[in-house]
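Visitor: I'd like to ask some things about the structure below.
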Amino acid sequence: MGVFERMMSDGHEQVVFCYDRATGLRAIIAIHDTTLGPALGGCRMWPYPSEAAALEDALRLARAMTYKSAATGQNHGGGKVVIWGDPAAEKSEALFRALGRFVGTLGGRIVTGTDVGTDKQDFVWAKQESPWFVGLPEEEGGSGDTAVLTAYGVWLGMKAAARFVWGDDSLRGRRVALQGLGKVGTRLLGHLLEEEARVTVTDIRPERVAEICATHPGVAAVAPDAIYDQPCDIFSPSALGGVLNDETIPRLRCAIVAGSANNQLAERRHGDLLYEAGILYAPDYVINAGGLIQVADELLGFHPERARRKVAALYDLLLRIFAISREEGIPTCLAADRLAEQRIEQIGRLGRIYVPE
Ligand code: NAD
């Protein structure tokens, strides 16, 4: 599929390819929709196997950001920045400053920050060249690590799902299979253990699993691929995307899927498969919106309590999505999409009212 054809299929507004000869920077900036405001979305650095894979990731993630912003009530559109490169080998001040200049050429149509493969320091460099970066360290005027509020939102989202399924939102004694012990997964584990859930973990980094099991003796561990077969109440995909697919869904032995990973469904139809299997799926872009809510708040002048309050509202939002799914007999991912599209339509329409300058 050509780039225009692909853009037309999901309605992307703009795709910018950036190359800097001096640093070797190869970046794709994808802007999906700016009806509600400037696009907001993280910057991922990854050694993609091909240019097509990098572009596809940027487009998919940008679209998800439009829905995430709209469904959670932000005045932002969706976008994503992807750097095609190895974060372990190719990072430098010059590379991120080059990115800062390219993002600057868009004049604020997109605001970006940390994601997989990038960290706060990268954007301290980038922000020297243009102001459109968020999620910087607190001492640099940013709001700090977004994993804290993301994990908080996922934990509350799990509780909302528990309430919907079992009529009680306590996770005490509930069996949770947690995939991924990174920044979010580790904090989510903390919330779960505090509530006395029974947690089984996995990660592709065995040393990380060993570390967690040593410090938390009650936590069990399984090999990465075995997590899908684990009998549990809640499966929590909190590593990478695409893990809910034709191969894994028939293996799941849970009542709820609720995790932090972006783009958990390999394809949209996998949301239908979960629905048909009677598994309640907490739509990824809603349950993991804590980080987005934090950086959107940062753009208003970060107020930690206000941001936490907004993240706490994800609990009721998810209950609403689950209720729409039940009442209308549609998968939860579709119910979430509808809420997002309604907001884009309703708020977007306001721009039609002429206001003299
Ligand atoms: P991270 O890179 O810190 O952690 C990811 C962890 O997953 C790592 O420990 C990695 O070893 C592990 N992993 C990778 N593949 C795996 C596999 N197949 N099986 C088991 N473990 C595997 O990332 P993070 O910040 O914790 O984010 C986790 C997920 O949540 C990502 O999908 C990210 O896009 C999403 N997310 C993060 C935030 C945030 O604020 N950090 C916000 C929203 C969504």
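Here this note's numbering is used: the sequence shown runs in plain steps of one and ends on residue 339. Using N, Cα and C, we set each Cβ at its ideal position, and we do this for glycine too.
1. Keeping to the same chain, check which residues put their C-beta closer than 6 Å to that of D(-8); ignore five residues upstream and five downstream.
2. At a cut-off of 7 Å, is I269 close to the ligand NAD when judged by its beta-carbon and the heavy atoms of the ligand?
3. Please classify R325 as buried or exposed, where buried requires at least 16 other C-beta atoms within 10 Å of its C-beta.
4. Should G311 go down as buried or exposed, given a rule of 16 or more other Cβ atoms within 10 Å for buried?
5. I need the DSSP call for S218, collapsed to helix, strand or coil.
6. Is G167 near the ligand NAD - that is, is its Cβ less than 7 Å away from at least one heavy atom of it?
7. If you drop the 5 nearest sequence neighbours on each side, which residues of the same chain put their C-beta closer than 6 Å to that of P213?
8. Would you please state the rounded distance, in angstroms, between the beta carbons of A264 and L300? I believe it to be under 8 Å.
9. Secondary structure at I335, three-state DSSP: helix, strand or coil?
10. Nearer than 7 Å: is that true of the beta carbon of P206 relative to any heavy atom of the ligand NAD?
11. Find the nearest neighbour of G24 within the set A35, P31, S32 and I10, judged by alpha-carbon distance.
12. When every heavy atom of the ligand NAD is checked, does at least one fall within less than 7 Å of the C-beta of D97?
13. When every heavy atom of the ligand NAD is checked, does at least one fall within less than 7 Å of the C-beta of R42?
14. Between the Cα of A278 and those of R8, Q56, V(-2) and M(-11), spot the shortest distance and give me the residue it belongs to.
Guide: Considering the structure as presented:
1. Numbered from its first residue, the sequence shown carries residue -8 at position 10. So the list reads R45, once near-sequence residues are dropped.
2. If you number the sequence shown from 1, residue 269 lands on position 287. No - the ligand NAD has no heavy atom lying nearer than 7 Å to the Cβ of I269.
3. Residue mapping note: residue 325 aligns to position 343 of the sequence shown, counting from 1. Result: buried.
4. If you number the sequence shown from 1, residue 311 lands on position 329. Exposed, because fewer than 16 other Cβ atoms sit within 10 Å of the Cβ of G311.
5. Along the sequence shown, read from residue 1 onward, the residue named residue 218 stands at position 236. Strand, per DSSP.
6. For this step, residue 167 is matched to residue 185 along the sequence shown. Yes.
7. Taking the sequence shown and counting its residues from 1, one reaches residue 213 at position 231. Closer than 6 Å at Cβ, skipping near neighbours: R235.
8. Walking along the sequence shown from the start, residue 264 turns up at place 282. Walking along the sequence shown from the start, residue 300 turns up at place 318. With 8 Å as the limit, A264 and L300 qualify as a contact, their Cβ atoms being about 6 Å apart.
9. Translated into positions along the sequence shown, residue 335 becomes position 353. In the structure shown, I335 sits in coil (DSSP, three-state: anything other than H, G, I, E or B).
10. Position 224 of the sequence shown holds residue 206. Indeed, a heavy atom of the ligand NAD lies less than 7 Å from the Cβ.
11. Position 42 of the sequence shown, counted from the first residue, corresponds to residue 24. Of all alpha-carbon atoms in A35, P31, S32 and I10, the one lying nearest the alpha-carbon of G24 is that of I10.
12. One-based indexing of the sequence shown puts residue 97 at position 115. D97 Cβ: within cutoff of the ligand NAD.
13. The sequence position of residue 42 within the sequence shown is 60, counting from 1. For the ligand NAD, not one heavy atom lies less than 7 Å from the Cβ of R42.
14. To locate residue 278, count along the sequence shown from 1; it is residue 296. Measuring from the Cα of A278, the nearest candidate turns out to be Q56.
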